[in-house]
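Down below is the structure, laid out as structure tokens.
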Amino acid sequence: MSASLAPECNEVKERYDTCFLKWYSEKYLRGQEKDNKECANLFKDYQNCLKGALKERGIDKLVAEAREENRENDLKHLGPKIDASMHPFSVLTLGIFVAGYITARWDLVTRLYELAIFAWENGVVTRATKAFAALTILFLAVFAPTVLLATQETNLHDGLMRVFWPTDIPKSDRPGVVVGWRNSILDVFVVAILEDVDARITESHLKAGTLFRSEAYPASQISDMCGHGSMHVLGLSNAPDPSLADPSWLCATTNTNPRVPKITCLRAVSVQLILYDRPYPQGMQYISLNPIALALGRDGSQLDNAIASEGEEETREREMKEEKRKLVEKLKLHTISKRVPSARDKALPKIINQVNWSWELEKTLQKNAGRIGTRPRRSLSVSERVVETASTMRNYVLLQLWTWCTLYIFPIGQQALILGLMGYRIMTEMLLLLLEFRIKPGYAALKDISATAQQVEIRLQQFCYWPMQYMTLRQRKDNWASVTTSHPDYIRFYNSLWLVANDVIIGIALGSYIIENADWVATQIGNLLRAYTVDALQSSISWLMGWPAGLKLNGELAAFLGDLFLWVIDYWSSCIETLTPALPKMVWFIGFSSFAGASMPIAMFSDMLSTLTIHIYSFYLASGRIYHWQLTILQSLFHLFRGKKHNILRNRIDSCDYDLDQLLVGTILFTLLFFLLPTVAVFYLNFAIARMAIISLKAGFDTALSCLNHFPLFALMLRIKDPRRLPGGIRFELRDTHDYRHDTTSSADGPPPTSVIYLKSIPLTFRIMFNQYFQMANRIRKHYLSPKVFFCLLTGMFVPPINRKNLYSLQYSMLPARRATIREMWRVLNKPRPAKKFPLPYIPPLPNGGRRASANIGRTR
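Heads up: the sequence shown is residues 121 to 981, going by the working numbering.
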């Protein structure tokens with residue numbers, strides 16, 4: 121039976137192996153039982169023993185110990201080389217086989233002999249010898265040194281020690297203990313240096329977790345995030361005698377002379393010193409492998425709702441991204457050489473978490489380092505007792521006042537606020553249901569038609585989501601500050617608050633101006649409407665009824681179309697004149713709505729533009745339909761001349777025989793429609809240009825709305841003020857390499873070759889911050905500047921405006937796909953918060969530098 125990986129578990133493993141072999145031979149082979157239930161308890165005992173050993177020493181240390189113990193056994197069984205000489209009987213057998221084969225294939229042997237003579241006489245052997253010699257020289261000159269260098273580098277990196285060292289560790293000549301995480305034997309992460317403590321005692325305290333018992337948050341979360349059960353003693357700093365240290369420990373010299381510490385380790389052939397700056401968790405600084413997500417992610421049940429509510433363009437983009445991802449995965453399978461990630465590569469996400477936790481852990485260790493040393497045991501003096509009693513009494517009075525406020529005053533105010541929020545939430549839900557109501561499934565809702573309704577719906581959605589966001593961010597105070605999962609929510613929450621505040625401020629200024637100058641604004645709007653929607657159209661139609669730019673048109677058709685459009689314009693002008701007296705009141709109402717934000721008047725002006733230019737939209741539809749019908753008839757008549765026809769069922773062009781009468785009538789109709797086509801085309805082109813101008817103006821309004829609703833203002837401020845709060849990845853920079861063995865001032869047994877690398881956090885780029893604006897511009901470009909749109913304009917087909925879902929998806933990216941229900945909001949607002957540990961009262965230090973016991977423990981004598 122093989123030995124266990126942990127020596128202390130050999131006895132338990134032996135009992136389990138004996139039980140398993142007995143069950144296998146007596147019951148499993150005879151078909152009596154398929155499940156081994158007899159040995160289940162023994163297996164659990166062995167498993168628990170191994171878990172304890174792994175937690176205590178780590179897997180790498182156990183494997184190293186097992187290799188050291190089994191080295192003699194391996195040399196005993198695998199050391200002797202296999203004898204290369206062959207048995208005489210084998211030589212005789214091989215000779216008989218060769219002789220028999222030559223006798224049976226004598227003709228083949230003869231031909232091979234003749235071929236050898238021919239090759240010798242014609243210099244083939246000489247050329248082959250020269251080629252072999254050239255290849256041998258090439259191998260010895262190029263490939264052999266390359267293999268030798270690769271072997272040396274491999275052996276060198278097998279002994280490479282990677283040390284992550286914080287840059288803010290104070291330089292001191294005092295001896296100390298290096299504490300941190302041991303990811304493997306030669307891969308360590310330094311957190312702090314505890315001075316004037318014993319290494320063995322520190323290791324026992326770290327394993328027992330006594331340095332984190334007084335913290336208000338669970339210490340188990342540290343091990344879950346950092347990937348290890350506990351921190352370890354990694355080595356010594358400024359040790360008087362480094363030879364007394366453990367061989368796996370590092371010895372660091374951190375005096376004030378060198379810029380970086382000198383690291384030595386008996387097991388390390390070379391050292392890779394990676395310097396890193398500690399993120400400040402209280403300031404919400406952290407590093408990340410991936411860029412921070414400013415948009416709200418979709419996961420779980422929200423993904424189905426997001427897919428159901430997304431537009432056609434979003435669906436197409438999502439499918440394209442999925443196809444690209446699958447293609448990349450397939451390309452990875454066809455790579456010529458695939459590098460298998462090493463254990464150090466896989467440990468990088470764990471190291472990132474250790475970097476984010478290092479500042480808080482270092483402060484906690486330094487704060488509780490006094491528990492490691494011995495405490496002076498003496499009684500307090502009279503003055504010290506008076507100071508302690510006064511401090512304790514003051515803290516007691518403050519505690520009672522705070523308890524009274526939290527028990528009687530705060531709950532009443534909190535419940536009143538919650539009831540107010542719930543009443544507001546119920547009214548908001550009713551308005552949202554009205555804005556999202558559809559007469560039939562698939563029909564457009566009010567928010568899909570009106571920009572004002574869309575803007576109101578976005579604001580109501582934000583007001584419904586803010587309490588949920590606030591409660592989520594409030595839970596951040598109930599955990600370690602190094603937990604970074606809530607940082608993107610914090611940025612999104614305050615970015616939306618800033619945008620709404622700026623929107624209201626700009627809206628108040630804009631609304632005040634509009635209200636004070638309502639009559640003048642109404643007059644200007646009326647003049648613009650009359651100039652561009654009535655007079656400009658009338659002049660352009662009158663110009664087209666003549667010879668526009670010298671183009672000879674059909675006078676009768678041009679007069680008919682012109683009179684028809686002019687009559688509609690006159691009727692529309694009379695309607696506008698009727699509404700002109702009410703225009704100042706409409707402008708005043710728009711100005712009053714500006715107090716809800718500048719986005720409201722912009723949305724209302726967009727809807728007003730759509731309403732007051734509905735006659736241009738009707739002209740565009742009518743002229744485009746006539747022009748498209750005429751082109752379709754001309755295309756069918758052209759097929760008639762060719763003896764073809766369009767098969768609608770099969771969607772193809774088939775041959776067809778026509779009579780002479782059909783050809784004659786087709787010729788007359790084709791000639792007539794062809795000469796009438798330019799007249800219809802110029803009218804259609806006139807209204808198409810006007811329609812495209814209106815669409816461009818509305819696109820400008822929608823872009824302004826997206827900037828007011830989704831501009832990354834808070835993120836941009838953080839990017840300028842503190843880029844470390846917006847991580848976009850990491851980068852390793854090589855700063856210095858030094859070989860201390862070749863240094864004349866260093867001794868022969870000095871530090872190994874050391875390379876200094878700086879771990880740097882890359883801030884989020886502006887391209888990623890404004891990525892969704894580029895995405896929106898790309899959607900507008902693909903919709904209006906695509907070949908399909910140009911084809912529709914040339915053929916008279918309808919060019920639809922961009923879907924409002926595709927355009928407003930940028931603004932909805934900051935909102936969840938499914939808003940929380942009223943019941944869920946009530947449950948979240950009334951969720952009790954976990955009770956915090958009350959901090960111990962502050963007791964001033966003794967004048968002589970001594971320590972006193974905590975008030976909860978009692979005085980020491």
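Glycine included, each C-beta is placed from N, C-alpha and C at the ideal position.
Looking only at Ala-573, Ser-660, Tyr-544, Asn-923, the smallest Cα-Cα distance to Asp-727 is reached by Ala-573. Cβ-Cβ distances below 7 Å link Val-310 to Val-283, Phe-284, Trp-285, Pro-286, Val-298, Gly-300, Leu-354 in the same chain, with the five nearest sequence neighbours on each side left out; the list follows chain order.
Phe-284 is bridged by DSSP to Phe-309, Ile-394. Assigned with DSSP and collapsed to three states, Pro-127 falls in helix. Ile-383 sits close to Thr-874, with the two beta carbons spaced by under 8 Å. Between Ser-738 and Lys-818, the C-beta gap is not smaller than 8 Å, which leaves the two residues out of contact. With fewer than 16 other beta carbons inside 10 angstroms of its own, Val-218 counts as exposed.
For Ile-753, no beta strand (DSSP E) segment is defined; the enclosing uninterrupted segment is the alpha helix (DSSP H) at 734 to 761. Under DSSP, Gly-355 takes part in a beta bridge, and its partners are Val-298, Leu-370. A residue is called buried once 16 or more other Cβ atoms fall within 10 Å of its Cβ, and Lys-133 is buried on that count. Close CB contacts of Asp-842 within its chain, under the 8 Å cut and outside five residues either way in sequence, are with Gly-403, Gln-405 (chain order). The criterion of a C-beta distance shorter than 8 Å is not satisfied by Leu-162 and Cys-129.
Counting of Cβ neighbours within 10 angstroms places Ala-651 among the exposed residues, the total staying below 16.
Straight-line spacing of the CA atoms in Ile-710 and Arg-612 works out to 29 Å.
Take Ile-546, set aside five residues on each side of it, and the residues of its chain with a beta-carbon closer than 8 Å to its own are Ile-942, in chain order. Per DSSP, reduced to three states, the secondary structure at Pro-883 is strand. By the criterion of at least three beta-carbon pairs nearer than 8 Å, the stretch 736 to 755 is in contact with the stretch 800 to 817. The residue from Ala-336, Thr-823, Arg-247, Arg-594 with its alpha-carbon nearest to that of Gln-892 is Thr-823. Ranked by Cα distance from Ala-718, the first of Phe-821, Ile-538, Pro-798 is Phe-821. Per the Cβ contact rule, the stretch 627 to 638 is not in contact with the stretch 682 to 697 (fewer than 3 Cβ pairs under 8 Å). Your pair Pro-847 and Ser-881 checks out as a contact, with CB atoms roughly 5 Å apart and the cut at 8 Å.
Under DSSP, no beta-bridge partner is assigned to Lys-164. Looking at the DSSP output, Ile-661 bridges to nothing.
Under the criterion of beta carbons closer than 8 Å, Leu-677 and Leu-796 qualify as touching, at roughly 6 Å. DSSP places Ile-289 outside any alpha helix (DSSP H), giving it a letter other than H or E. In the DSSP assignment, Asn-767 falls within the unbroken beta strand (DSSP E) covering 764 to 767.
In this chain, the alpha helix (DSSP H) harbouring Thr-791 covers 780 to 830. If you look at Asp-774, you'll find it in the beta strand (DSSP E) that goes 772 to 775.
Straight-line spacing of the CA atoms in Arg-845 and Val-267 works out to 46 Å.
By DSSP's assignment, Ile-850 forms a beta bridge with Ser-881.
Per DSSP, the unbroken beta strand (DSSP E) holding Ile-383 starts and ends at 382 to 384. For Ala-536, the enclosing alpha helix (DSSP H) stretches over residues 530 to 555. Between Leu-854 and Ile-840, the gap from beta carbon to beta carbon reaches 8 Å or more.
Rounded to the nearest whole angstrom, the C-alpha separation of Arg-379 and Gly-296 is 19 Å. In the three-state scheme derived from DSSP, where H, G and I count as helix and E and B as strand, Asn-242 is classed as coil. Excluding its 5 nearest sequence neighbours in each direction, Val-654 has C-beta neighbours in its own chain below 8 Å: Ile-689, Trp-692, Ser-693, Ile-696, listed in chain order.
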